[in-house]
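Asker:
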Amino acid sequence: MTADCDLQASLLVYAVPARTALTPEQNAGARCVWCGAPVPPGAGRDLGGHGGWSPHGCPACYEVQGAWLRTYLEWADHIRVCATCRAGCWCATSADFQGCLTESAHRADRPPVVCARCEREVEAAERFEPRIRAGGRPQRIGYVHAAVCPGDERRWPCP
Ligand SMILES: [Zn+2]
Ligand SMILES: [Zn+2]
Ligand SMILES: [Zn+2]
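Listed below in C-alpha cells is the structure:
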C-alpha cells in the first residue's frame, strides 16, 4: 500500500462527511465532498467509496484536508508512544503539534476543538491533545484538554 492509499483510506474514515450529509451529486463523485465545487471526470481525487458510493474531492481540498489529517494522526501516534504525554503531561513535541494542528485545521475549515471530557470548546491558551474515539465517522476525530482539564478534578503530577 502506498502512502497515498493510506491517506485516501484515512480521509474516508476520518474526514469525509457521512453519505447522508452529502448531496446526490457529491455522493456520485460529481462534486467535491468538502467544498461542493464540480469535479470534472478524471480531475478529482477518488476517496475510495464502495457499494455505489463514490465520494471525490477536488485537488485543493484533498491537499488541505490531507495536511490536517496527517498532522492529527501523527500527533495521536506520538501520544501513544511518548511517556510524558501518556502520563497526562506535555512535551515540546506536543506543543509543536498543537501549533501545526491548529493552523492546518483552520485551513481545512474543521469544526472548533471541543474537549471530550468536559465538553467545552478549548480556548486558544489551553493545551489539548488528539483522542481518537470509537464510533461513526467523522466523529472519530476527538480531542481532550491536555494536562489539566477544567472539568476534571484530577491534576497530574507534572514536572
Ligand atoms: Zn473542494
Ligand atoms: Zn510527548
Ligand atoms: Zn476538558
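With the numbering used here as the guide, the letters of the sequence shown map in order to residues 17 to 175. Using N, Cα and C, we set each Cβ at its ideal position, and we do this for glycine too. Bear in mind that the values here come from a model prediction, so they are computed numbers and not experimental data.
Given 7 Å as the limit, tell me if Cys98 has its C-beta closer than that to any heavy atom belonging to ligand 2.
Answerer: In the sequence shown, residue 98 corresponds to position 82, counting from 1. Yes - ligand 2 has a heavy atom lying nearer than 7 Å to the Cβ of Cys98.
Asker: Just to confirm, are Tyr159 and Glu142 a CB contact at a threshold of 8 Å?
Answerer: Counting from 1 along the sequence shown, the entry for residue 159 is found at position 143. Counting from 1 along the sequence shown, the entry for residue 142 is found at position 126. No, they are not a contact pair.
Asker: In whole angstroms, what is the alpha-carbon distance linking His66 and Gly58?
Answerer: The sequence position of residue 66 within the sequence shown is 50, counting from 1. The sequence position of residue 58 within the sequence shown is 42, counting from 1. Near 17 Å, if we compare the C-alpha coordinates of Gly58 and His66.
Asker: Would you kindly check if the distance between the Cβ of Arg156 and the Cβ of Ile148 is under 8 Å?
Answerer: The sequence position of residue 148 within the sequence shown is 132, counting from 1. The sequence position of residue 156 within the sequence shown is 140, counting from 1. In this structure, Arg156 lies closer than 8 Å to Ile148 by Cβ.
Asker: Using 8 Å as the threshold, is the C-beta distance between Leu28 and Leu63 below it?
Answerer: For the purposes of this step, residue 28 is identified with residue 12 of the sequence shown, where counting begins at 1. For the purposes of this step, residue 63 is identified with residue 47 of the sequence shown, where counting begins at 1. In this structure, Leu63 lies closer than 8 Å to Leu28 by Cβ.
Asker: Could you pull the DSSP bridge partners for Val160 from this structure?
Answerer: Within the sequence shown, numbered from 1, the residue matching residue 160 stands at position 144. According to DSSP, Val160 bridges with Glu145.
Asker: Please classify Gly73 as buried or exposed, where buried requires at least 16 neighbouring CB atoms within 10 angstroms.
Answerer: Here residue 73 refers to the residue found at position 57 when the sequence shown is read from its first residue. So Gly73 ends up on the buried side.
Asker: Rounded to whole angstroms, what is the Cα-Cα separation between Ala34 and Pro128?
Answerer: Residue mapping note: residue 34 aligns to position 18 of the sequence shown, counting from 1. Residue mapping note: residue 128 aligns to position 112 of the sequence shown, counting from 1. If I take the Cα positions, the gap works out to 18 Å.
Asker: With DSSP run on the structure shown, which of helix, strand or coil describes Cys51?
Answerer: Start at 1 with the first residue of the sequence shown, and residue 51 comes out as number 35. In the structure shown, Cys51 sits in coil (DSSP, three-state: anything other than H, G, I, E or B).
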